[in-house]
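As given, the protein sequences belong to chains A and B, one line each in that order.
Position 28 (the first sequence) corresponds to 27 in numbering that gives the first Met the number 0; numbering is contiguous.
Position 103 (the second sequence) corresponds to 102 in numbering that gives the first Met the number 0; numbering is contiguous.
Protein chains: 2
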Amino acid sequence: MAIHKKEAFSKKEQDLAEFAKALAHPARIAILKVLAQHNECICGEIVAVLPLAQSTVSQHLKELKNAGLINGSVDGPRSCYCINWKAFEKFNAEFSFLFNHLKLKNLQSCC
Amino acid sequence: MAIHKKEAFSKKEQDLAEFAKALAHPARIAILKVLAQHNECICGEIVAVLPLAQSTVSQHLKELKNAGLINGSVDGPRSCYCINWKAFEKFNAEFSFLFNHLKLKNLQSCC
DNA sequence: TATATTAATCGTATATTTGCGATATATAAT
DNA sequence: ATTATATATCGCAAATATACGATTAATATA
Numbered sequence: 000m001a002i003h004k005k006e007a008f009s010k011k012e013q014d015l016a017e018f019a020k021a022l023a024h025p026a027r028i029a030i031l032k033v034l035a036q037h038n039e040c041i042c043g044e045i046v047a048v049l050p051l052a053q054s055t056v057s058q059h060l061k062e063l064k065n066a067g068l069i070n071g072s073v074d075g076p077r078s079c080y081c082i083n084w085k086a087f088e089k090f091n092a093e094f095s096f097l098f099n100h101l102k103l104k105n106l107q108s109c110c
Numbered sequence: 000m001a002i003h004k005k006e007a008f009s010k011k012e013q014d015l016a017e018f019a020k021a022l023a024h025p026a027r028i029a030i031l032k033v034l035a036q037h038n039e040c041i042c043g044e045i046v047a048v049l050p051l052a053q054s055t056v057s058q059h060l061k062e063l064k065n066a067g068l069i070n071g072s073v074d075g076p077r078s079c080y081c082i083n084w085k086a087f088e089k090f091n092a093e094f095s096f097l098f099n100h101l102k103l104k105n106l107q108s109c110c
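What follows is the structure in structure tokens.
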């Protein structure tokens, strides 16, 4: 593909796409669900629940963290992950904005 | 990578991930925006606006269509695309459900 | 201090995505 | 009938993503 053209789009478009990308794998959805079932940081458990190798889960966690969807602090031999509320709400707002924008404009869509 | 493990997750997780994947590229976000600015099917215009080759845009349109986010009918030398409201609302509902679920459970998140 | 435990990172194989030019297809215009 | 126009599809190259085992790092525990 030679060159990536992502930078040819607006920052909002890029941000939204990047956020969606972080959600674009069932393992990462599943991880978020596991995090949702706890009120505190999880220092494990995730690997035990998912049908994936430890190294693979660690990679998915890293991606979620890079995308800003979760916070994590390495704490000796155990790590501590939980959901980053601010980022998550921001995505929800932007997505809803796009969604509502579309909805208003397209009430009588043709097909 | 040997084997894909997506089928090891629940259908809801897979569906949500697949939908997110369709949104996971700025070009496809941009296409949805263009579609949003019209109340009728678009029979072109999309290629003109995007900074990509015609064949590439056609591929992105195909992906959006396969994911069910847009409807499209080939009509001779021109095609006709518009947003598939049902699918879009379904995704929004499922995403909001996940989001709200998380929110209720995690009001006092630790990190 | 030696050993177990937990999780990140490295290296690697394979699959998928992205992008483009070239070509095919289908119709409108001349 | 020929030509122009719009769009899908094919074939390919390069970039990314996915997955795993092996290793490393960092601490608890014996």
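Beta carbons are placed, not taken as given, at the ideal position from N, Cα and C, and that holds for glycine.
Given the structure is predicted, the values throughout are model-derived calculations rather than measurements.
A:M0, DSSP secondary structure in three states: Position 1 of the first sequence, counted from the first residue, corresponds to residue 0 of chain A. Confidence at A:M0 is low in this model, with a pLDDT of 49, below 50, so the placement of that residue should be treated as unreliable; the coordinate-derived value is given next. Residue state, collapsed to three classes: coil.
Would you mind stating whether B:A66 and B:A26 have Cβ atoms separated by less than 8 angstroms?
Within the second sequence, residue 66 of chain B is the residue found at index 67, counting from 1. Within the second sequence, residue 26 of chain B is the residue found at index 27, counting from 1. Contact: no.
Own chain, CB closer than 7 angstroms to B:F18, minus 5 neighbours either side, in chain order | Taking the first residue of the second sequence as position 1, residue 18 of chain B is located at position 19. Excluding residues within five positions, the ones whose Cβ falls inside 7 angstroms are A66, F90.
Local conformation of A:S78 per DSSP, three classes: Reading the first sequence from its first residue, position 79 is the one you call residue 78 of chain A. Correct three-state label for A:S78: strand.
Notebook entry, point to check: Using a C-beta cutoff of 8 angstroms, does A:L63 count as contacting chain B?
Noted result: The sequence position of residue 63 of chain A within the first sequence is 64, counting from 1. No - not a single Cβ of chain B is within 8 angstroms of the one on A:L63.
Item checked: chain A contacts made by the segment 7-24 of chain B, where a contact means CB separation under 7 angstroms -> A7, F8, E12, Q13, L15, A16, A19, K20, L22, A23, H24
In whole angstroms, what separates the C-alpha of B:A35 from that of B:L49? Mapped onto the second sequence, residue 35 of chain B falls at position 36. Mapped onto the second sequence, residue 49 of chain B falls at position 50. Approximately 15 angstroms, taken between the alpha carbons.
Between the CA atoms of A:Q53 and A:V33 - distance to the nearest angstrom
Locating residue 33 of chain A in the first sequence gives position 34, where the first residue counts as 1. Locating residue 53 of chain A in the first sequence gives position 54, where the first residue counts as 1. Cα to Cα, A:V33 sits roughly 16 angstroms from A:Q53.
Problem set entry | Short Cβ contact (8 angstroms threshold) for B:C42 with B:C81 | The residue labelled residue 42 of chain B in the question sits at position 43 within the second sequence. The residue labelled residue 81 of chain B in the question sits at position 82 within the second sequence. Contact: no.
(request) Would you grab the beta carbon distance between A:F87 and A:L68 for me? Rounded to a whole angstrom, and I think it's under 8 angstroms. (result) Mapped onto the first sequence, residue 87 of chain A falls at position 88. Mapped onto the first sequence, residue 68 of chain A falls at position 69. Going by Cβ atoms, the distance from A:F87 to A:L68 rounds to 6 angstroms, so yes, they are a contact pair.
(request) Just tell me which of B:L31, B:H3, B:E6, B:K11 has its CA closest to the CA of B:F94. (result) Walking along the second sequence from the start, residue 94 of chain B turns up at place 95. For B:F94, the nearest C-alpha among the options comes from B:K11.
>> Suppose only complete runs of 3+ residues qualify. What are the beta strand (DSSP E) ranges in the segment 27-93 of chain A, listed by chain order?
In response: 69-74, 77-82
Q: Report buried or exposed for B:H24, applying the criterion of at least 16 other Cβ atoms within 10 angstroms of its Cβ.
A: The sequence position of residue 24 of chain B within the second sequence is 25, counting from 1. Buried.
- Taking just the CA atoms, how far does B:A7 sit from B:L31? As a first step, residue 31 of chain B is located in the second sequence; it is residue number 32 there, counting from the start. As a first step, residue 7 of chain B is located in the second sequence; it is residue number 8 there, counting from the start. The straight-line gap from Cα to Cα measures roughly 31 angstroms.
*asked:* Among the candidates B:D14, B:R77, B:L15, whose CA atom is the shortest distance from the CA of B:I45?
replied: By 1-based counting over the second sequence, the position of residue 45 of chain B is 46. Comparing Cα-Cα distances from B:I45 to each of B:D14, B:R77, B:L15, the minimum goes to B:R77.
Go through its chain and collect everything with a Cβ distance to B:V56's Cβ below 7 angstroms, but skip five positions before and after it. Here the question's residue 56 of chain B lines up with position 57 in the second sequence. So the list reads I45, V46, L49, once near-sequence residues are dropped.
For B:L63 and A:M0, the rounded distance between their alpha carbons: As a working note, residue 0 of chain A is residue 1 in the first sequence. As a working note, residue 63 of chain B is residue 64 in the second sequence. With a pLDDT of only 49 at A:M0, under 50, the local geometry of the prediction cannot be trusted, and the value read off the model is given with reservation. Straight-line Cα distance between these residues: approximately 20 angstroms.
- prompt: In this structure, does DSSP put B:F8 in helix, strand or coil?
  reply: Position 9 of the second sequence, counted from the first residue, corresponds to residue 8 of chain B. Residue state, collapsed to three classes: coil.
Burial state of A:A29, where buried means 16 or more other Cβ atoms lie within 10 Å: Residue mapping note: residue 29 of chain A aligns to position 30 of the first sequence, counting from 1. Buried: at least 16 other Cβ atoms inside 10 Å.
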